[in-house]
Amino acid sequence: MAEGSNFDYLFKVVLIGDSGVGKSNLLSRFTRNEFNLETKSTIGVEFATRSINVDGKTLKAQIWDTAGQERYRAITAAYYRGAVGALLVYDISKHATYVNVTRWLKELRDHADSNIVIMLVGNKSDLKHLRAVPTEEAKAFAAENGLSFIETSALDASNVEAAFQTILTDIYRIVSSKSLEQSEDPIKPTTGDTITVSHSVDTPANTGGKCC
Amino acid sequence: MAEARARPDVREIKDAYDHLFNSHQTATKIKDAALSGRLFQRADSGADVAGRSMAWKLFLVPNEPLQSVAEVEAVPPLKPVQAAREAYRALLMEKMRAPDGGYEEGFTVPGLGTLPPRTTNASGNLEKNNPLSLHDENPWREWFAAMDLRKTILQDVERTFPDIAYFRDAEVQAELTNVLFLYSVMHPDIGYRQGMHELLAPLYYAIDYDSFPPDVNADIDPTLKELCAHQWVAADAWLLFTAVMKGAGQWYEWQEPKTQPESSSPLPTHVQFNVGADDARVKPYVAPIVAACNRVQSVFLKAVDPELWKAMQGAGIEPQIYGIRWLRLLFTREFNMQDAMVLWDGLFATDPAFDLALWVCVAMLVRIRNKLIPADYSSQLTYLLRYPSNAAAAGGSPEDPPIHHATLLLRQALTLQMSPTPTTGVSIIHENKNLLGIPVEVPPPISPPVRRRPRAGEGRQSFSAESSTRNDAGGSKAAHNRQPSTPMGLPESLARGILERGESLGINKTVMNAVSEFKRNLPDLATALGRLPLTPQPHNAAYPLSPERPTGERPPWEPRSRFEMEREITQMRALQRKLGDTVGWVVDTLLLDESEVQDEAAKKTVEKRKREALECLSYVRDVLKGTVTEVEDERLIGEEEMRRRRDKERQEKEAAEALSRRHSTPHPPQPAAAIPIEARPQGAGARRSQDYFPPQGLSTSPPGRLPAPTPIPATVSAPRNPPLQSIASAPAMPIPSASAQPLQSPTLNAPWNYTKSSFSSASSPIATLPRVPPRTSTVLPRAMPLPPSLRTPPGASPNAAAPPAESGMREQKPKAAAYDPLGAIP
Numbered sequence: 001m002a003e004g005s006n007f008d009y010l011f012k013v014v015l016i017g018d019s020g021v022g023k024s025n026l027l028s029r030f031t032r033n034e035f036n037l038e039t040k041s042t043i044g045v046e047f048a049t050r051s052i053n054v055d056g057k058t059l060k061a062q063i064w065d066t067a068g069q070e071r072y073r074a075i076t077a078a079y080y081r082g083a084v085g086a087l088l089v090y091d092i093s094k095h096a097t098y099v100n101v102t103r104w105l106k107e108l109r110d111h112a113d114s115n116i117v118i119m120l121v122g123n124k125s126d127l128k129h130l131r132a133v134p135t136e137e138a139k140a141f142a143a144e145n146g147l148s149f150i151e152t153s154a155l156d157a158s159n160v161e162a163a164f165q166t167i168l169t170d171i172y173r174i175v176s177s178k179s180l181e182q183s184e185d186p187i188k189p190t191t192g193d194t195i196t197v198s199h200s201v202d203t204p205a206n207t208g209g210k211c212c
Numbered sequence: 001m002a003e004a005r006a007r008p009d010v011r012e013i014k015d016a017y018d019h020l021f022n023s024h025q026t027a028t029k030i031k032d033a034a035l036s037g038r039l040f041q042r043a044d045s046g047a048d049v050a051g052r053s054m055a056w057k058l059f060l061v062p063n064e065p066l067q068s069v070a071e072v073e074a075v076p077p078l079k080p081v082q083a084a085r086e087a088y089r090a091l092l093m094e095k096m097r098a099p100d101g102g103y104e105e106g107f108t109v110p111g112l113g114t115l116p117p118r119t120t121n122a123s124g125n126l127e128k129n130n131p132l133s134l135h136d137e138n139p140w141r142e143w144f145a146a147m148d149l150r151k152t153i154l155q156d157v158e159r160t161f162p163d164i165a166y167f168r169d170a171e172v173q174a175e176l177t178n179v180l181f182l183y184s185v186m187h188p189d190i191g192y193r194q195g196m197h198e199l200l201a202p203l204y205y206a207i208d209y210d211s212f213p214p215d216v217n218a219d220i221d222p223t224l225k226e227l228c229a230h231q232w233v234a235a236d237a238w239l240l241f242t243a244v245m246k247g248a249g250q251w252y253e254w255q256e257p258k259t260q261p262e263s264s265s266p267l268p269t270h271v272q273f274n275v276g277a278d279d280a281r282v283k284p285y286v287a288p289i290v291a292a293c294n295r296v297q298s299v300f301l302k303a304v305d306p307e308l309w310k311a312m313q314g315a316g317i318e319p320q321i322y323g324i325r326w327l328r329l330l331f332t333r334e335f336n337m338q339d340a341m342v343l344w345d346g347l348f349a350t351d352p353a354f355d356l357a358l359w360v361c362v363a364m365l366v367r368i369r370n371k372l373i374p375a376d377y378s379s380q381l382t383y384l385l386r387y388p389s390n391a392a393a394a395g396g397s398p399e400d401p402p403i404h405h406a407t408l409l410l411r412q413a414l415t416l417q418m419s420p421t422p423t424t425g426v427s428i429i430h431e432n433k434n435l436l437g438i439p440v441e442v443p444p445p446i447s448p449p450v451r452r453r454p455r456a457g458e459g460r461q462s463f464s465a466e467s468s469t470r471n472d473a474g475g476s477k478a479a480h481n482r483q484p485s486t487p488m489g490l491p492e493s494l495a496r497g498i499l500e501r502g503e504s505l506g507i508n509k510t511v512m513n514a515v516s517e518f519k520r521n522l523p524d525l526a527t528a529l530g531r532l533p534l535t536p537q538p539h540n541a542a543y544p545l546s547p548e549r550p551t552g553e554r555p556p557w558e559p560r561s562r563f564e565m566e567r568e569i570t571q572m573r574a575l576q577r578k579l580g581d582t583v584g585w586v587v588d589t590l591l592l593d594e595s596e597v598q599d600e601a602a603k604k605t606v607e608k609r610k611r612e613a614l615e616c617l618s619y620v621r622d623v624l625k626g627t628v629t630e631v632e633d634e635r636l637i638g639e640e641e642m643r644r645r646r647d648k649e650r651q652e653k654e655a656a657e658a659l660s661r662r663h664s665t666p667h668p669p670q671p672a673a674a675i676p677i678e679a680r681p682q683g684a685g686a687r688r689s690q691d692y693f694p695p696q697g698l699s700t701s702p703p704g705r706l707p708a709p710t711p712i713p714a715t716v717s718a719p720r721n722p723p724l725q726s727i728a729s730a731p732a733m734p735i736p737s738a739s740a741q742p743l744q745s746p747t748l749n750a751p752w753n754y755t756k757s758s759f760s761s762a763s764s765p766i767a768t769l770p771r772v773p774p775r776t777s778t779v780l781p782r783a784m785p786l787p788p789s790l791r792t793p794p795g796a797s798p799n800a801a802a803p804p805a806e807s808g809m810r811e812q813k814p815k816a817a818a819y820d821p822l823g824a825i826p
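If you're matching them up, the sequences are chains A and B in order.
Going by UniProt numbering, 10 is the number at position 10 of the first sequence; the sequence numbering is gapless.
Going by UniProt numbering, 811 is the number at position 811 of the second sequence; the sequence numbering is gapless.
What follows is the structure in structure tokens.
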């Protein structure tokens with residue numbers, strides 16, 4: 001445990017989805033194995049880390065959890081910056097949260113990296129009697145949009161581990177395959193990509209202070 | 001539910017009232033007391049302090065206008081409170097009424113507790129006014145939207161302070177929902193935002209705590225009885241909440257406020273409404289909360305505690321990540337309720353605009369500086385998002401009476417606000433030492449492999465297999481940190497150039513920094529690293545996490561490194577120059593007067609050139625506007641001009657050669673067959689990476705043979721690119737083999753010199769061979785000093801990365817080929 005700060009990869013993964021779908025509990029279940037029926041609403045950002053092992057590599061996941069009510073415009077840029085994975089959570093017992101998945105996908109398209117790995121997560125699978133979103137429908141939607149899909153329950157802990165494990169492994173595979181690829185292209189140009197004026201809007205002082 | 005509403009003895013409330021309003025205290029004095037934690041004798045006894053809500057009413061509710069507040073005895077603000085109650089009743093009745101005149105089940109008239117009268121005001125037009133109507137003006141639409149809003153609010157209200165039983169009461173929840181609902185519909189610009197519920201809840205609680213049960217018979221001052229009437233708890237909470245939101249509301253703003261000043265939103269005065277519409281469009285909207293957070297960290301903290309600021313900035317902490325919650329909830333999640341209420345007392349008393357709150361943030365940061373400074377990104381973020389409560393442990397030396405840590409925080413915030421200097425910062429650090437026992441010395445940064453800080457989620461949940469990997473990784477990581485002698489690939493040698501300029505940073509760090517913009521560069525980076533001859537430590541490899549401090553991770557999304565900045569600046573300068581040149585040419589062209597031209601054909605030519613010039617100009621506009629990311633040189637200069645320039649280059653070349661030939665009569669011209677073929681790619685490479693290098697002097701081949709992208713105007717010259725220059729002057733880095741590292745000249749083939757087109761045209765200079773060597777350079781004698789005009793631009797020096805085996809040759813021949821036709825350079 002002493003060398004805990006060592007890891008092979010560090011991945012930032014964000015949790016998004018409507019308010020009350022159980023994002024914070026997914027996070028606490030995964031990182032602390034805790035679940036609380038009465039959690040405070042998330043204000044701003046929560047953050048936790050956990051490392052898992054894949055192929056003998058230590059993947060450290062920095063998982064960010066944000067308030068679901070609004071697209072937290074004040075912190076969107078900071079929230080999505082550097083995220084390589086996103087768990088898009090809805091509540092299987094509330095159809096409206098599933099309908100809003102499309103809006104969250106748009107949000108991701110607008111603010112996150114285009115290569116971000118997205119997983120659709122139907123949470124609260126323990127509420128079988130209240131199910132409002134058929135598994136097959138969500139699965140089809142996920143396939144259509146190129147997302148992976150899983151149903152979880154932070155309450156009874158089912159599939160929570162698997163969900164994070166899967167997305168982290170997916171990210172890892174992509175990253176490691178990219179680095180193995182001895183592609184013909186040398187280093188690609190980064191011109192234009194890195195100059196993202198809109199990004200610095202939130203943090204003018206940040207970047208400003210950094211340069212000297 | 002009775003037990004959930006613990007109420008103080010009536011006498012206690014009375015005492016508090018007398019203390020506030022019947023002891024001839026001025027409002028100023030009361031405020032001072034609140035600020036120094038002396039307002040209530042039992043301030044430390046818990047969240048339940050009788051009389052608190054009265055004090056808040058005094059602070060937050062403006063009493064009779066234009067009183068000289070300072071010297072007048074405090075009087076209970078009864079009149080405005082009563083007015084607000086009436087307003088609350090009227091507004092709520094209005095907003096809660098369904099279009100058919102009915103109310104939701106369970107709704108009672110505020111203040112009376114009776115069922116609302118059912119006024120049937122349904123208009124006769126059932127076409128419109130009918131819950132099922134799809135008509136656009138159907139009033140039910142609005143009603144349903146309001147119901148949705150109430151649902152949203154209730155969802156949060158139900159989750160308000162789950163650990164306080166009081167808030168589980170359905171009645172309380174309904175009242176909180178009403179207040180928030182009313183606020184939201186009255187302030188549509190902001191609406192309801194999560195967090196408001198936790199701002200309202202303590203207000204409501206305090207008012208309810210002080211309120212008299214309706215059936216109280218004790219002998220009480222009627223003013224007091226009215227001020228604390230139980231039936232008006234919700235209305236009073238609405239009043240106080242609205243007052244608090246006058247200051248805190250700005251932090252909930254999430255969209256650009258409408259520029260219409262008549263909006264009823266209580267936006268603080270500093271939010272500018274009168275910004276011209278044009279300005280508003282030009283200036284990107286920065287949410288006030290982000291601006292406030294930035295001020296906290298990048299202005300205030302920087303001024304007060306530069307060391308801490310540097311540590312946080314260095315780790316890449318973005319202030320809004322923690323500040324949004326600190327400010328929006330006014331610290332209720334950072335401290336326990338009782339401490340937070342002490343803070344609120346002071347904040348409400350001093351500054352209802354809550355400017356002081358920003359300084360409270362600063363004082364809070366300074367208080368945990370010992371934890372923050374040595375920590376890495378994750379740990380810093382953890383501390384900031386879970387503010388350590390033990391950092392706030394109250395202390396107190398024997399001679400000083402113990403001071404409440406929240407009160408101390410307020411005092412420090414005030415001090416800082418008045419004099420934001422490093423000296424104040426130091427004095428506060430010392431104060432924290434004296435009063436809270438926080439040592440002045442910052443613990444040293446944790447160096448790897450070190451004891452890991454306990455981080456959430458990594459304790460009991462870690463996988464067993466981890467430890468062995470970690471051990472391996474830990475062992476090799478140290479060795480990996482500095483490997484200057486390892487043969488390096490292109491990115492390293494480039495980074496080396498920068499490194500050599502005196503930055504005492506680890507080479508890997510520089511490299512990693514150089515490519516650390518994970519977000520964008522992931523694939524490129526991975527490719528680049530994958531190509532390295534030596535990547536023995538795959539951990540560390542794909543993600544540039546090597547840190548400023550050796551310890552932990554650095555977030556990949558952190559602000560860009562210096563290397564990247566320089567690269568960007570260089571790019572931009574070069575682009576600017578290019579554009580400037582184009583504009584110069586365009587102006588020249590447009591200044592041509594076609595009316596003076598007699599010849600019809602010539603006129604046509606001029607017209608054509610002008611058209612071209614305009615096209616180029618519009619292209620420049622697009623580039624400047626940012627709509628074009630990939631600048632194509634061909635589009636910057638007209639065709640004819642391009643041809644002309646190439647010709648000119650060639651002519652210059654020939655002239656130079658002719659000159660050299662004249663001066664070298666003693667030696668008969670020698671064939672340049674000696675020029676090794678692999679030397680030539682230097683030229684070729686330069687051409688392909690031509691973006692920022694002048695073709696002049698370098699260009700030796702006829703224009704027709706140029707690879708796809710055409711060279712840029714000759715006025716752009718490498719020597720003006722400082723970073724490149726410095727890289728060029730870096731010592732040569734050995735590169736193992738030409739085939740493994742096809743990009744022989746790091747200077748010329750620096751990643752940022754590539755355009756997409758140059759990529760696709762050829763992946764390696766060798767691939768472009770065989771290229772016919774320039775005829776003229778092969779026949780030159782070799783004893784002629786190089787004409788100054790043709791001297792190699794430093795940026796073009798091909799030496800930097802020549803493989804050792806060929807270095808001798810490479811140092812001379814390429815120059816001979818390109819610039820030293822006379823072979824003057826030995």
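Here a beta-carbon is modelled for each residue, glycine too, at the ideal position from N, C-alpha and C.
Here the structure is a predicted model, which is why all the values come from computation and not from measurement.
Is the CB of residue i under 8 Å away from at least one CB in chain B?
i	result
residue 40 of chain A	yes
residue 99 of chain A	no
residue 20 of chain A	yes
residue 165 of chain A	no
residue 191 of chain A	The predicted model places residue 191 of chain A with a pLDDT of 43, which falls under 50 and marks its position as unreliable; any figure quoted below should be read in that light. For residue 191 of chain A, the answer is yes, since a Cβ of chain B falls inside 8 Å of its Cβ.
Taking C-alpha atoms, which residue in the options lies nearest to residue i?
i	options	result
residue 139 of chain A	A:175, A:90, A:172	A:90
residue 162 of chain A	A:27, A:132, A:12, A:9	A:27
residue 377 of chain B	B:312, B:421, B:435	B:312
residue 234 of chain B	B:85, B:432, B:319	B:85
Kindly give me the distance between the Cβ atoms of residue i and residue j, rounded to whole angstroms, as I take these residues to be in contact under 8 Å.
i	j	result
residue 59 of chain A	residue 168 of chain A	5 Å
residue 289 of chain B	residue 326 of chain B	Not quite, the Cβ-Cβ distance comes to about 10 Å (not below 8 Å), so this is no contact.
residue 316 of chain B	residue 34 of chain B	At roughly 38 Å, the Cβ-Cβ gap does not stay under 8 Å, so residue 316 of chain B and residue 34 of chain B are not in contact.
residue 374 of chain B	residue 445 of chain B	4 Å
residue 851 of chain B	residue 95 of chain B	Any question about residue 851 of chain B goes unanswered here, given that chain B covers just 1 to 826.
residue 239 of chain B	residue 78 of chain B	Wrong, their Cβ atoms sit about 12 Å apart, outside the cutoff.
residue 171 of chain A	residue 85 of chain A	5 Å
Can you find a C-beta in chain A that's less than 8 Å from the C-beta of residue i?
i	result
residue 318 of chain B	yes
residue 182 of chain B	no
residue 576 of chain B	no
Of all Cβ atoms in chain D, is any one closer than 8 Å to the Cβ of residue i?
i	result
residue 308 of chain B	The structure shown has no chain D; the protein chains it does contain are A and B.
| task | State whether the region 163 to 173 of chain B contacts the region 45 to 52 of chain A, with contact taken as three or more CB pairs (one from each stretch) at a distance under 8 Å. | result | Two segments are said to touch when three or more pairs of C-beta atoms, one from each, lie closer than 8 Å; by this definition the region 163 to 173 of chain B does not touch the region 45 to 52 of chain A.
| said: Three Cβ pairs or more, each shorter than 8 Å: is that satisfied between the region 350 to 361 of chain B and the region 239 to 248 of chain B? | reply: yes
| message | Measuring CB atoms only, is the region 591 to 598 of chain B touching the region 620 to 628 of chain B, in the sense that at least three cross pairs come out at less than 8 Å? | response | No, they do not touch.
| query | Any chance the region 52 to 68 of chain A sits against the region 157 to 168 of chain A, with 3 or more Cβ pairs inside 8 Å? | reply | The region 52 to 68 of chain A is in contact with the region 157 to 168 of chain A.
| request: Anything in the region 154 to 167 of chain B with a Cβ closer than 7 Å to a Cβ of chain A? List those residues in chain order, please. | output: 155, 156, 159, 162
| task | Output, in sequence order along the chain, the residues in the region 377 to 388 of chain B whose CB is closer than 8 Å to any CB in chain A. | result | Correct list: 378, 381, 382, 385.
| task | Evaluate the contact criterion for the region 52 to 65 of chain B versus the region 209 to 221 of chain B: three or more CB pairs, one atom per stretch, below 8 Å. | result | yes
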